[in-house]
Each structure stands twice: as structure tokens, then as C-alpha cells.
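Notes follow once the structure below has been shown.
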Amino acid sequence: MSVKHNEQAKAILFEKFGFTEYREGQEEAIASALQGNHSLVMLPTGTGKTLCYQLPSYILEGTTLIISPLLSLMEDQVEKMKSNGEKSVVALNSFLTYSEKSQILKRIADYKFVFISPEMLQQSSVIERLKSVMIGLLVVDEAHCISQWGMDFRPDYLKLGEVKSRLGNPLTMALTATAVDKVREEIIKVLDIKDNLNEVIYPVDRPSIQLRIKQCRNNKDEELLSALDELKGPGIIYFTSKRLADKTAELIRAEKGIRAESYHSDLTKEDKRKIQSQFLADKLSIICATSAFGMGIDKPDIRFVIHYHLPGSPEMYLQEIGRCSRDRKGGVALLLYEKGDEGIQIRLQQDSLPDKNELSFAYTHSDKLVHLKEDSKTNISRYFINQKIPLEEAWEKISDYQLNKQYQLRTMIEYAVSTGCRRKILLSYFNEEVAVRLNGCCSSCTESLSLPYSPIEPKKIKQNYEKMWQEKVNLLFNL
DNA sequence: CGATCCGTCATTAATGACGGATCGGTGCCTTAAT
């Protein structure tokens, strides 16, 4: 960052955001953008990633376009910015009426910040309008969604590179909290930001979170309830089933008299918002949730995250447990594991990928594919057909994809059953080492874990990224 | 894998036992036809 930019940024940091100091990683990310580099920013949850793109926007010319995965996230950000005095901000999404939308599109260049979904960016009226706008910075928030959702769930995430190119390849910043090197490579490839790229990477480890695993034998509810005798909220309990989330919230209310509610995709937008804001305002102590809950939850004092079911990947697990102890004052991640729990995940994985017959059927009937519903098998087939990738090659890639998912799940099983340091297992997946061995690290390192647990998190950058991950996958191929 | 849902059958006609089928998680966006 030039001296002039540096001073200017510092002044804005104070005037617009009220801070005198940067938090870890922020200054590097801001400098990267101001030097005109594309950036891939990976900072642990709760370290202020929004400032990384908002601050340089005030120095850069033109509009900042922020691609965001969730409408609720956009709405929260817009509201927050408005209450901080920023008027020139808008979210372009399906909450708007037709006339509102066209009004906003007409004067889109007047806005400094525009939030938008990947899907909305596929509408030709929108993209045509944006092409005539000077985009000073293109931001991809929660960029791991490209890899996590792109292939089977939200295919428009994989079209962001094309969008960027149609917008004239503006300066780009991708932000995430958890991405292994392979995911980062995919983000870089999809967005096509390899040239002039600056990676700002911080470790994913959260030493202030204690890692506990409880082996269960047909007594999960009892183990859960007794854990709640020790662990006091606010807290989140994650499930892989909506029905069980509902049922358990009821159980906790009845047995413990704790204010608990469930949260999943069956809830209306209004109920989701209501429960979320009650939780943030400490009117609810526990949320029993599916993976629908959490992104953008910025509550500093969540004290525990319990998993009733095994998550499908270390990424998911870290994202979910990372929601506790944002204030760094200590938190507990507890996994309730019973042999065979991985069955649900195996099933979900298999159901979401086409087998060879289904794929070749899609290839021979590609003309009809347009009319089919948007399930994940169709999405994947459609993706490869649209890319004009030959059938054999597509099948190879799907097999790789499946192997990767299996590897992720296998890591989680190892995490659940191993007798070795659990933090080491989790971090080695991200090619990280346990930086500081703390008393009470995990269920393996300390026989009987107890509260309080509030170590100081070290502030040390670590950047040795070998290609260990690829080696591990290669090993799996040979098995 | 395991739970649960649904239809069928059998038997002191309204329940219950059985087995086969189905489902289990994430969200954008719907401007047309009754």
C-alpha cells in the first residue's frame, strides 16, 4: 500500500468504522485491493471480513458489487451499513417488486454498494445493465460456496467466472473462513483470478474452542441432556434431520425448562428471522438446527456447539463449531457419535450424484434436460453437458468428486473414533499443525475435560502449504 | 443404515402385525394458467 493510500485507509478506518487499529489480516487484504491485485482472503470466523472490502471501496472508484449466498445475509449487511450512516447501498433480490427492481436498475451506477445473488446475475436484464456500470471491486462473500454448492446445489456459483468476464474483469476479492488448498484452487480457477493474485491466508484453528467427543450407545438423548447440565448457553445443537431438530427442541424444553427452538428450511422467512433475532437478543438459549442455521450469525458469546449427527466434512464441522467463542473467551464443541452415524451422510452423498447409467442417459437425452426439475443429479449432468465435456471425462470428474466426499467423511469418522489428538486430525486435513498445545485441547489429550476453558488464542500467521492433501487423495485411489 | 410411512391382510369389523417403499440437508429464482 502506498503511503498515501495507507494514510487514507487509516483515516477511513476511524471516520467510517470507528476503529484505530486493524484486526489480524485486515490491513493485508485492504492493501492487496488498493494495489490493484485480485485477492483471496481466508480469515477465521469473526475477524471482520466485511471491513476488508468495505474500506477499500471508499478509496477505489466505482461501485462495489458484492455476491452473497443468502438473502438474509444481504438484508443484514444492508441494514447494518445503513445504520452506520451509509446510504448508498442496496440489495438487488427477489424481495423487490418489479417496479422497485427496475427503478434501482435504472440508477444502479449511483449506488456505492450493491448486494446480489449468483442467480440474479444470470438474468440478462441485470447483467446487461451492470455491464455499463463501472465496477470498482467485485466481492465474492463466503467464496467456499463455489466449491461446496456449485456442482450439485446452486450451479450458478460455477458461472461466476463468466459473469466476471462479461463485466469486463473487474478487480476481485473472494472471502472465506474455511477452505483447504484444493478449494482455494477451485475458487481461483472458477473466478479466473490467477494473475495478479494475492492470497491472504490465516490458520483455521480456533484454540479457544475445546474439542469433545462422546461415544454413545443408543443413549444419545441422555448424553445430550446430561451435557446440558454442564454446558450453559447460548448454544447451538446441529442435526441432519429436521424432524429430530424439532423433537429435541421439545425434549429440552420439557426436561430442562430451557428456552429452546428449532430452526430449519421448513420455517417461513418470518419465523426464521424471529428465531434468529430472539437468539441474538438472548431471549432463546438454545437453537436446535440443521445446516440451514448459522451463516452470518455474528453472536460473540455462543458458548457451545453440539453435533447430534456426524457432519459430512471437516469444512462443515469447522464452519459450524466456529460459531462459538467468537469473543475468544472459550467454547466447547461436542460431537455425539454413535457407530453407524455416518450412514446418513453416505446415503445423502450417493443420492446426490448420478451413477454412470444416469449420466449417460442425460447425455443421450440432453435436449430434454432443460425441462427437468432442479435436483442435484440433473444439475451435475447439465453442468458437464453445457461445458461440452465428453461423457467419459465427465464420469471421471464425478468419480473424483465422489472420492473427495468420501475422503471428507472418512476424516470425520477418524475424528470421531480416533484415540489421537482430535485437533491434530482436524487441522492436518487443512495442512495445519497444532500451533500451541493447550491443557484441555480435546477428548484425547485430556481425559476429563471441564470448564472453564478460556485460553488466549495465539496470533501467528502460518503459511506452509505443501501438497499433502493431494498425496492423501492419491493414497485413497490406491486403496 | 435406520426410522417411519403406507397399504394389505387377517380376524369374533377396528386394530395390529408385517413388509416393502421411501426418506434423510443446504436456496436462489419463479411475470403463467386455472
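full-length UniProt numbering puts the first sequence at residues 1 to 479.
Where is the CB? At the ideal position from N, CA and C, for every residue including glycine.
For clarity, every value in this text was computed on a predicted model and none was experimentally measured.
- Query: Whose C-beta lies closer than 7 Å to the C-beta of residue 74 among residues of the same chain, with five residues either side of it excluded?
  - Reply: Locating residue 74 in the first sequence gives position 74, where the first residue counts as 1. Closer than 7 Å at the Cβ level, and outside the excluded window around residue 74, lie 68, 91, 93 and 115.
- Query: Do residue 200 and residue 147 have their C-beta atoms within less than 8 Å of each other?
  - Reply: In the first sequence, counting from the first residue as 1, residue 200 sits at position 200. In the first sequence, counting from the first residue as 1, residue 147 sits at position 147. No, the pair does not count as a contact, with Cβ atoms beyond the cut-off.
- Message: Whole angstroms are fine: how far does the CA of residue 3 sit from the CA of residue 263?
- Response: Within the first sequence, residue 263 is the residue found at index 263, counting from 1. Within the first sequence, residue 3 is the residue found at index 3, counting from 1. Each residue's Cα considered, the two are about 48 Å apart.
- Message: Using C-beta distances below 7 Å, list every residue in its chain close to residue 135, excluding the 5 sequence neighbours before and after it, in chain order.
- Response: Stepping through the first sequence from its first residue, residue 135 is reached at position 135. For residue 135, where only same-chain residues beyond five positions count, the Cβ hits under 7 Å are 62, 63, 65, 167 and 170.
- Who are the Cβ neighbours of residue 59 in its own chain at under 8 Å, not counting the five residues just before and after it? Taking the first sequence and counting its residues from 1, one reaches residue 59 at position 59. Excluding positions up to five away in sequence, the list reads 5, 8, 9, 12 and 34.
- Between residue 345 and residue 310, which are expected to be in contact by the criterion C-beta below 8 Å, what is the C-beta distance as a whole number of angstroms? In the first sequence, residue 345 corresponds to position 345, counting from 1. In the first sequence, residue 310 corresponds to position 310, counting from 1. Contact holds; Cβ gap of about 6 Å.
- Message: Judging by CA-CA distance, which residue of 118, 237, 84 and 53 is the nearest neighbour of residue 18?
- Response: Along the first sequence, one-based indexing puts residue 18 at 18. Looking at the Cα atoms, 84 is the closest of the given residues.
- Burial state of residue 53, where buried means 16 or more other Cβ atoms lie within 10 Å: Along the first sequence, one-based indexing puts residue 53 at 53. Per the 10 Å Cβ criterion, buried.
- Between the segment 323-334 and the segment 246-258, are three or more C-beta pairs nearer than 8 Å? no
- Message: Once the 5 residues before and after residue 140 are set aside, which same chain residues still bring their CB inside 6 Å of it?
- Response: If you number the first sequence from 1, residue 140 lands on position 140. So the list reads 67 and 174, once near-sequence residues are dropped.
- Task: Have a look at the DSSP bridge pairing and note the partners of residue 305.
- Result: Along the first sequence, read from residue 1 onward, the residue named residue 305 stands at position 305. Residue 305 is bridged to 236 and 333.
- Query: What do you get for residue 456, buried or exposed, if any count of 16 or more other CB atoms within 10 angstroms of its CB means buried?
  - Reply: Sequence index remark: in the first sequence, residue 456 carries index 456 (1-based). At residue 456 the pLDDT is 47, less than 50, meaning the model places this residue with poor confidence; the figure from the coordinates comes in the next sentence. Looking at its Cβ environment, which holds fewer than 16 other Cβ atoms inside 10 Å, residue 456 is exposed.
- Message: What does the Cβ neighbour count give for residue 97, buried or exposed, with the cut at 16 atoms within 10 Å?
- Response: The residue given as residue 97 occupies position 97 in the first sequence. Exposed: under 16 other Cβ atoms inside 10 Å.
- Whole-angstrom Cβ separation of residue 342 and residue 220, contact assumed at under 8 Å? The count along the first sequence starts at 1 and reaches residue 342 at position 342. The count along the first sequence starts at 1 and reaches residue 220 at position 220. Contact doesn't hold; Cβ gap of about 15 Å is too wide.
- Query: Does the count of Cβ pairs from the segment 184-198 and the segment 312-322 closer than 8 Å reach three?
  - Reply: no
- Is the beta carbon of residue 231 sitting closer than 8 Å to the one on residue 293? In the first sequence, residue 231 corresponds to position 231, counting from 1. In the first sequence, residue 293 corresponds to position 293, counting from 1. Going by C-beta atoms, residue 231 is not nearer than 8 Å to residue 293.
- residue 130 to residue 180, Cα distance in whole Å? Counting from one through the first sequence, the residue named residue 130 turns up at place 130. Counting from one through the first sequence, the residue named residue 180 turns up at place 180. Rounded to whole angstroms, residue 130 to residue 180 spans 32 Å at the Cα level.
- From residue 49 to residue 55, what distance separates their C-alpha atoms? Indexing the first sequence from 1 puts residue 49 at position 49. Indexing the first sequence from 1 puts residue 55 at position 55. Rounded to whole angstroms, residue 49 to residue 55 spans 10 Å at the Cα level.
- Going by the beta-carbon positions, is the gap between residue 481 and residue 379 smaller than 8 Å? The structure shown does not extend to residue 481, since the chain spans only 1 to 479, so no value can be given for it.
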